[in-house]
């Protein structure tokens, strides 16, 4: 709980207590709706992120989403590509949910903004982030979890690696099933799959239960890759909400695919953004796709050595140094030593 005055630190910074553990609040790093996220310092002087969710007056559906996030994070505690949940507490008196989580540097949305302010993202950087995303999603899919709200902001950089966050509308697939039926959907429109939208209330299908499989996450991944390649999501240019929804589910609405440097990138995009979910590739197939397994810019020995060096440097550097990443990949592309 937030302390009401008696507990302070030497520099008078506010503190928060979760299950009697005290955390020094350093700064606000994110907020949205009824939640705020703070960077904090633990009693052991380790950086953590604390998410505070005010559930007072919140709709039951939203409350369930926050509680669902705790449930999923507990299930995925042993996953290396999911942000770690260290502790949580629900203060019933104040209707306040508190989650103590692993702290990251910034999210993929920030990386994209930084990298595309002056120029498009380098192809090798795109491959790196694409591989990172695929490995993260593969891990939760192997645990039977469908995220359902994949977008750049939900990939957090932690020591140069991408980890998944925000499992509010995620769900578990039963061991003997391949899909789940969702009674509601609150994903982000620009990254939502056609099947997630098709049965939404008011879309004229007569069925509000959403049958969602792992391939729904593949569509969302394709939209993120599209954003990496072109600087915007495939339907981002459509402003009106209803027009956007109709375009996403309409097989006759052609998604624009401007020319790109690597034809393998174009092939991956088109495969992921197939409106028929059954026709989309699996994560394993995408990891084996030539877009990641072939590199036309470098010879094989040079590629293996230099890419490994680049990935090691990225892992050990601050992800805030996006320009440094671009300099490295440009160096690789030019074959410099």
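Numbering (UniProt numbering), first residue to last: 1 to 337.
Just so you know, even glycine gets a beta-carbon here, dropped at the ideal spot from N, CA and C.
**Request:** Answer with buried or exposed for residue 190, where buried requires no fewer than 16 other C-beta atoms within 10 angstroms of its C-beta.
**Result:** Sequence index remark: in the chain shown, residue 190 carries index 190 (1-based). By the neighbour-count rule (16 or more Cβ atoms within 10 Å), residue 190 is buried.
**Assumed close pair residue 52, residue 167 - CB separation to whole angstroms, cut-off 8 angstroms** = As a working mapping, residue 52 is identified with position 52 in the chain shown. As a working mapping, residue 167 is identified with position 167 in the chain shown. That pair is no contact at about 17 angstroms.
**Request:** Name the one or two DSSP bridge partners that residue 35 has.
**Result:** As a working mapping, residue 35 is identified with position 35 in the chain shown. For residue 35, which the question treats as bridged, DSSP gives the partners 32 and 53.
**Asked** What did DSSP end up calling residue 25 once you bin it into helix, strand or coil?
**Response** Reading the chain shown from its first residue, position 25 is the one you call residue 25. Three-state result, residue 25: strand.
**Prompt:** If we call anything under 8 angstroms between Cβ atoms a contact, is residue 153 one with residue 109?
**Reply:** Residue numbering aside, residue 153 sits at position 153 when the chain shown is read from its first letter. Residue numbering aside, residue 109 sits at position 109 when the chain shown is read from its first letter. It is a contact, given that the beta carbons lie within the stated cut-off.
**Asked** Would you call residue 250 buried or exposed, if buried means 16 or more other Cβ atoms sit within 10 Å of its Cβ?
**Response** Walking along the chain shown from the start, residue 250 turns up at place 250. That one is exposed.
**Message:** Output needed for residue 141: all residues of its chain with C-beta closer than 8 angstroms, excluding positions within five of it in sequence on either side, in chain order.
**Reply:** In the chain shown, counting from the first residue as 1, residue 141 sits at position 141. Cβ neighbours of residue 141 beyond the five flanking positions: 214, 217 and 283.
**Prompt:** Of the residues 195, 90, 149 and 192, which one's Cα is nearest the Cα of residue 20?
**Reply:** Translated into the one-based positions of the chain shown, residue 20 becomes position 20. Nearest option by C-alpha distance: 90.
**Message:** Would residue 102 pass as an interface residue toward chain B - the criterion being a Cβ-Cβ separation below 8 angstroms?
**Reply:** In the structure shown, chain B cannot be found, because there is only a single protein chain.
**Prompt:** Which residue comes first and which comes last in the beta strand (DSSP E) that contains residue 17?
**Reply:** Start at 1 with the first residue of the chain shown, and residue 17 comes out as number 17. Element bounds for residue 17: 15 to 18.
**Item:** Beta bridge counterpart(s) of residue 161 as assigned by DSSP
**Value:** The residue you call residue 161 lines up with position 161 of the chain shown. 158, per the DSSP bridge assignment.
**Item:** Delimiting residues of the alpha helix (DSSP H) encompassing residue 66
**Value:** Taking the chain shown and counting its residues from 1, one reaches residue 66 at position 66. Start and end: 60 to 75.
**Asked** According to the Cβ coordinates, are residue 104 and residue 157 closer than 8 angstroms?
**Response** On the chain shown, residue 104 is found 104 positions in, with the first residue counted as 1. On the chain shown, residue 157 is found 157 positions in, with the first residue counted as 1. Taking 8 angstroms as the Cβ cut-off, residue 104 and residue 157 qualify as a contacting pair.
**Request:** For residue 213, name the three-state secondary structure that DSSP assigns.
**Result:** Position 213 of the chain shown holds residue 213. The answer is strand: DSSP assigns residue 213 an E or B state.
**Message:** If you follow the alpha helix (DSSP H) that residue 166 is in, where does it begin and where does it stop?
**Reply:** As a position in the chain shown, residue 166 is number 166, starting the count at 1. From DSSP, residue 166 is part of no alpha helix (DSSP H); its letter is neither H nor E.
**Item:** Under 8 angstroms between C-beta atoms of residue 292 and residue 229
**Value:** Position 292 of the chain shown, counted from the start, is the residue given in the question as residue 292. Position 229 of the chain shown, counted from the start, is the residue given in the question as residue 229. For residue 292 and residue 229, no; Cβs fall outside 8 angstroms.
**Asked** Taking DSSP as the reference, what is the three-state secondary structure of residue 99?
**Response** Residue mapping note: residue 99 aligns to position 99 of the chain shown, counting from 1. DSSP places residue 99 in strand when its eight states are reduced to three.
**Asked** Span of the alpha helix (DSSP H) holding residue 89?
**Response** For the purposes of this step, residue 89 is identified with residue 89 of the chain shown, where counting begins at 1. Note, residue 89: premise wrong, no alpha helix (DSSP H); beta strand (DSSP E) at 85 to 91.
**Asked** residue 85 to residue 16, Cα distance in whole Å?
**Response** Along the chain shown, read from residue 1 onward, the residue named residue 85 stands at position 85. Along the chain shown, read from residue 1 onward, the residue named residue 16 stands at position 16. Approximately 17 angstroms between the Cα atoms of the pair.
**Item:** Pick from 237, 135, 244 and 165 that is closest to residue 288, judged by C-alpha positions
**Value:** In the chain shown, counting from the first residue as 1, residue 288 sits at position 288. Nearest of 237, 135, 244 and 165 to residue 288, Cα basis: 135.
**Request:** Can you tell me which of the three DSSP states residue 47 falls into?
**Result:** On the chain shown, position 47 is the one that residue 47 refers to. Residue 47: strand per DSSP, three-state reduction.
**Prompt:** If you draw a straight line from the C-alpha of residue 99 to the C-alpha of residue 68, how long is it?
**Reply:** Position 99 of the chain shown, counted from the start, is the residue given in the question as residue 99. Position 68 of the chain shown, counted from the start, is the residue given in the question as residue 68. The straight-line gap from Cα to Cα measures roughly 12 angstroms.
**Prompt:** Helix, strand or coil: which one does DSSP assign to residue 78?
**Reply:** By 1-based counting over the chain shown, the position of residue 78 is 78. Looking at residue 78 - three-state DSSP - the assignment turns out to be coil, as it is neither helix nor strand.
**Message:** If I follow the unbroken alpha helix (DSSP H) through residue 270, where does it start and stop?
**Reply:** On the chain shown, position 270 is the one that residue 270 refers to. Start and end: 263 to 272.
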